[in-house]
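Numbering (the UniProt record's numbering), first residue to last: 1 to 927.
See below for the structure under consideration.
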Amino acid sequence: MNLKTVIFISIIIILLSPMTVYASDSNTIYLKAGNIDTDKIASQNTSEQNVMETSSTSETLDNSEKYYIVQFDGPVTEEWKDTVENMGAEFFDYVPDNAFVLRMNGTEKTFVGSLEFVHWSGEFLPEYKYTDEVVTTSAFEIASGSEDILDIIVLIFDEEGSDKVTTDIIGIGGTIIGRSERMFRVQILATKIDEIVSIDEVCWVENYKQLTTSNDVASDIVNVNTVHNTSGLNGSGQIIAICDTGLDTGNKDTVHLDIRGRIDSIIDLGYGAQDTNGHGTHVTGSALGNGAMSDGQYAGMAPEASLVFQAAGPYLEGIPTNIDQIFQQAYDEGARIHSNSWGADTDGAYDYYSYRLDQFSWNNPDMLILMAAGNEGEDIDPADGVVDKDSINTPATAKNCIAVGSSENYRPDMTYMYGGTIFSELPIFGDYKADNISGMAATSSRGPTDDGRFKPDIVAPGTLIYSTKSSYTSGTSSYLYMSGTSMATPIVAGSAAIIREYYTDIENVADPSAALLKATLLNGAYDMTPGQYGEGTTQEISGRPDNSQGWGRVDVENSILVTYPEVIAYYDDISLETDESWSHPYNYLESDQPARATLVWTDHPSLPYENKTLINDLDLTIIGPSATYYGNNGPDHINNVEGVEIDSTVEGDYTVTIDGYSINYGPQPFALVFSFTCDNNEFPANGSSASTSMTIVSTDVVHPGGVDESSIEMTVDGASVTFTSTDIDDGYEIEYQTPGAYQAGVHHASVTASTITGQQFTYGWEFNVGPEITSFGLTSPVANTVIDNLARTIELSVPYGTDTSYLEPAITHNAKSVAPASGEAQDFTNPVTYTVTAEDGSTEQYTVTVDIEPNTEKEITSFKFTSPAVTGTIDQTAKTIEITVPYGTDVTTLTPTISHTGQTIAPLSGAVQDFTNPVTYTVTAED
1 MNLKTVIFIS IIIILLSPMT VYASDSNTIY LKAGNIDTDK IASQNTSEQN
51 VMETSSTSET LDNSEKYYIV QFDGPVTEEW KDTVENMGAE FFDYVPDNAF
101 VLRMNGTEKT FVGSLEFVHW SGEFLPEYKY TDEVVTTSAF EIASGSEDIL
151 DIIVLIFDEE GSDKVTTDII GIGGTIIGRS ERMFRVQILA TKIDEIVSID
201 EVCWVENYKQ LTTSNDVASD IVNVNTVHNT SGLNGSGQII AICDTGLDTG
251 NKDTVHLDIR GRIDSIIDLG YGAQDTNGHG THVTGSALGN GAMSDGQYAG
301 MAPEASLVFQ AAGPYLEGIP TNIDQIFQQA YDEGARIHSN SWGADTDGAY
351 DYYSYRLDQF SWNNPDMLIL MAAGNEGEDI DPADGVVDKD SINTPATAKN
401 CIAVGSSENY RPDMTYMYGG TIFSELPIFG DYKADNISGM AATSSRGPTD
451 DGRFKPDIVA PGTLIYSTKS SYTSGTSSYL YMSGTSMATP IVAGSAAIIR
501 EYYTDIENVA DPSAALLKAT LLNGAYDMTP GQYGEGTTQE ISGRPDNSQG
551 WGRVDVENSI LVTYPEVIAY YDDISLETDE SWSHPYNYLE SDQPARATLV
601 WTDHPSLPYE NKTLINDLDL TIIGPSATYY GNNGPDHINN VEGVEIDSTV
651 EGDYTVTIDG YSINYGPQPF ALVFSFTCDN NEFPANGSSA STSMTIVSTD
701 VVHPGGVDES SIEMTVDGAS VTFTSTDIDD GYEIEYQTPG AYQAGVHHAS
751 VTASTITGQQ FTYGWEFNVG PEITSFGLTS PVANTVIDNL ARTIELSVPY
801 GTDTSYLEPA ITHNAKSVAP ASGEAQDFTN PVTYTVTAED GSTEQYTVTV
851 DIEPNTEKEI TSFKFTSPAV TGTIDQTAKT IEITVPYGTD VTTLTPTISH
901 TGQTIAPLSG AVQDFTNPVT YTVTAED
């Protein structure tokens, strides 16, 4: 068994399905031709290892340079790369997981293979460079009876080898249709495919694919009209590029009035700028038409945006194979949003078009590219009333674009149904195409991509969209209906222009990244789960992120214009290397409210021969008081979009963290958007009842954008007040000290402030002070008073002997009136009810009780004997009594009669006592 056979068998054994979730710590090399388990190769039996060693020896003998896959023991460090390069090896493409393609001679390969941090190395074999699809789907005949001809894309490792590859291709009978950088478009006999992939410099071969188009109410569904009306954001200052079939007449001065006057350029890609197809004019109106021909009724999403239009011909013949050329052309014209309603059916594959798009985005991270997801949705495998998965078009399978799917528009009066052979089962068979805005268009392509990534990214209405009509199409109206992801894509593009205008004009972000725009759109999207068919066996949307709606339906208002205390925090262009992390704490999230975070990064392009496309891997984590939340319920090592959704927050601190798990081309910038509700810690709390003794109003003025302290204004009951402020995280605690207690009734407090970038926000709250008696006394005598405002009772104590049947109270209160009135005499022999009435008519009743204080007297006023009849002399100061009896009186048995002012006396009056010695008497008062 030779080396080629051994490795090929290993590939077949571990082929993974498109739904596989890849573990990034595995020693697997992910190739489209098949995944290589390098641990399994290393543990093969001795005879197979000897064959592999023999093959390596033959490579060493000629010492020629070849391309190898070298896998490292974990995420590749710069130190490891430097060591390998110092041995003479040259790095090319990263291959997941933890591997690179290296060009080495035999000696260099031996040295590199001996390094302790190298796990495995092997030649990049011809079998790795294509799949059977190339032979089975690309072949065509030039003439009847002739051999099959392949129309293919040939990708090479190194552009410097282009001349040699040109000679090799021609030498084996191939015809080069086009050549650019690392790419050749070649037509060649199908029998020659093995010779093509045997060229050392070739790394991948795939079919050439012809690109095709992906063929009013919508603006309300995506909540863009509210943004127009409340914020004045209409796309002004933004340039949208659209590459499509043509633009109406093709002349800036005579095009459709909805578009005229805002065209920076119309670029003819070689097949005429006029739109004989109608597709290009229609999508342009949806993105930026101003509705001039309909009194604004059929305006697009960004009616003040400017346009760069690239006319590609009625069959898109003008789009080059290196599609990044059209992106660069538009970029050079100033466009930073590029809308493309076309693609090719690849059933979710990441191919050469996807690679070129990602390459451009990596080099130009401030241009957002939008691609139609495709109209390949069908229900045939099996026919069960649910649209089949894995049908996303290229280049919408690219990582860095926004792949746009189509949701339903709302035109219930237009009763077009799907039906047909590809939708033969209910509920799709009998479904109307535009009667439920929470439903997906059945024809919209579904994810995932072949490597398991979520697609589409977002959806927008795409069925029965009424937009601008080309002069070259039939009909007298200025508008016409079209359907498809083609129609949804410009709606999202126009929405992106509004969001970009928000960042540039309101947040003063000079050059927002495409990742930030994408994160903002996805974070604010509306979750359509479970879709129009409800839950059950035919549920069409499983819950975001999913492969029907992606992250949801675009919602411009919810993406940028939430109402405070709801806020949106954003961070852009922060970069990480492997094992680095970034975090931000938040200690002011309101409890029992939803929170949502979305992380997006523009990833390095993957090569089409790789079966796992993620190159730089970041992880999103939110640590809360009661749980830890992972991006995409991960860790996720597949997607370059990660989200966390918290249904209901709890009181406490939250920390958002981004980790650089494996960065192979660093540093890796990212964008993060985090939406939540602020806890302003108002005192008194909103809706609470405050005591009349309360003299403080305070609140935390916080915003993730920071707070300009000088901008803070506070009012209480409509009047501006002076307050003190203290620094806290992302803002200030402010406190107003009132000069006196509040009157009864509802009181209003409000705060207006601005973020550091000048974005104004306002919030307010109210608290209630009930009608209360604040003091209750008597004109005479002086009384001791206890007021219990919770129990609504007042207790007075008056001196002993007071006549309680006629007392005049002196009352103060915080209300409009009290009854009976202050100063009005009352009989307090029994409790009296007082009613306090506030300005708003609310009342409180108090029960007033008057208690007579007990007698405090405790003196003996008279002390005498009846026999003999004598009376004592009392000294009240010294508390002594002296009594003289006649000579011969028996003092051992005398009976005194005692008068006193106390409650009791001991010994008692009338009790016989022996007065031979002094006797002590104790008088106890009533108290």
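Even for Gly, the Cβ is constructed at its ideal location relative to N, Cα and C.
The structure presented is a predicted model; accordingly, all values stated were derived computationally and were not measured.
Buried versus exposed call for residue i [16 or more other C-beta atoms within 10 Å across all chains shown]
i           : result
E59         : With a pLDDT of 43 at E59, under the threshold of 50, the predicted position of this residue should be treated as unreliable, though the coordinate-derived value follows. Buried is the call here.
P545        : buried
H748        : exposed
L522        : buried
E141        : Only weak support exists for where E141 lies, its pLDDT of 48 falling under 50; the value from the coordinates is given anyway. By the neighbour-count rule (16 or more Cβ atoms within 10 Å), E141 is not buried but exposed.
S219        : buried
D253        : exposed
I696        : exposed
residue 929 : Outside the modelled stretch of the chain, which goes from 1 to 927, sits residue 929, for which no answer is possible.
A719        : exposed
A906        : exposed
A434        : buried
E535        : exposed
A825        : exposed
G910        : exposed
P831        : exposed
Start and end residues, alpha helix (DSSP H) containing residue i
i    : result
E108 : G106 to G113
R500 : T485 to E501
F828 : Counting along the chain, F828 falls outside any alpha helix (DSSP H), and DSSP gives it neither H nor E.
K518 : A514 to N523
Spatial neighbours of residue i in its chain, beta-carbon cut-off 7 Å, leaving aside the 5 residues before and after
i    : result
G145 : At G145 the pLDDT is 49, less than 50, meaning the model places this residue with poor confidence; the figure from the coordinates comes in the next sentence. Cβ neighbours of G145 beyond the five flanking positions: none.
G419 : F429
F915 : V891 and L894
S64  : N105
A493 : I240, A287, I337, S339 and L370
W765 : E682, N686 and A749
Bridge partners - residue i, DSSP secondary structure assignment
i    : result
N784 : S797
I458 : V404
F184 : V154 and R179
S675 : I568 and R596
P585 : T655
T755 : V707
P896 : F865
Q737 : I696
C203 : According to DSSP, C203 bridges with nothing at all.
Proximity test, Cβ basis, 8 Å: residue i and chain C
i    : result
N105 : The displayed structure is made up of one protein chain only, and chain C is not part of it.
Other residues of its chain near residue i: CB distance less than 8 Å, five sequence neighbours each side excluded
i    : result
P868 : V885, P886 and T889
R596 : N523, G643, V644, E645, I646, F674, S675 and F676
E709 : S725 and Y732
D384 : E425, T537 and T538
G740 : T695
Where the beta strand (DSSP E) containing residue i begins and where it ends
i    : result
D93  : E90 to V95
G848 : Correcting the residue identity first, residue 848 is Val in this sequence and not Gly. T843 to I852 is the span of the beta strand (DSSP E), which, as asked, contains V848.
V701 : I696 to V702
K816 : Careful: K816 lies outside any beta strand (DSSP E) and carries neither H nor E.
E824 : Run containing E824: none; DSSP gives neither H nor E here.
D617 : D617 to I623
Contact test: residue i Cβ vs the ligand FAD heavy atom, cutoff 7 Å
i    : result
H637 : By its list of ligands, the structure shown contains no ligand whatsoever, and the ligand FAD lies outside what it can speak to.
Cutoff 6 Å; reference residue i; Cβ partners in own chain excluding five residues on either side
i    : result
T489 : S339, S341, L370, A372 and V404
L796 : A783, T785 and V850
**Request:** Count the CB pairs spanning the stretch 866-876 and the stretch 803-814 that are closer than 8 Å, and state whether there are at least three.
**Result:** With the rule of 3 Cβ pairs closer than 8 Å, the stretch 866-876 does not count as touching the stretch 803-814.
**Message:** Taking contact to mean 3 or more Cβ pairs, one atom from each stretch, closer than 8 Å, check whether the stretch 162-179 and the stretch 86-96 are in contact.
**Reply:** no
**Prompt:** With a cut-off of 8 Å, do at least 3 Cβ pairs link the stretch 493-508 to the stretch 226-243?
**Reply:** yes
**Message:** When you compare the stretch 284-302 with the stretch 255-273, are there three or more beta-carbon pairs, one atom per stretch, that lie closer than 8 Å?
**Reply:** yes
**Prompt:** Does the stretch 389-404 come within contact of the stretch 438-455, defined as at least 3 CB pairs closer than 8 Å?
**Reply:** yes
**Asked** On the three-pair Cβ rule with 8 Å, is the stretch 406-421 touching the stretch 462-482?
**Response** yes
**Message:** Using a Cβ distance threshold of 8 Å, determine whether the stretch 298-315 contacts the stretch 164-183, with at least three qualifying pairs required.
**Reply:** No contact exists between the stretch 298-315 and the stretch 164-183.
**Message:** For the structure I just gave you, are there three or more beta carbon pairs, one from the stretch 534-542 and one from the stretch 479-499, closer than 8 Å?
**Reply:** No: the two stretches stay apart, fewer than three of their Cβ pairs being nearer than 8 Å.
**Asked** When the Cβ atoms of the stretch 192-202 are set against those of the stretch 596-607, are three or more pairs found closer than 8 Å?
**Response** no
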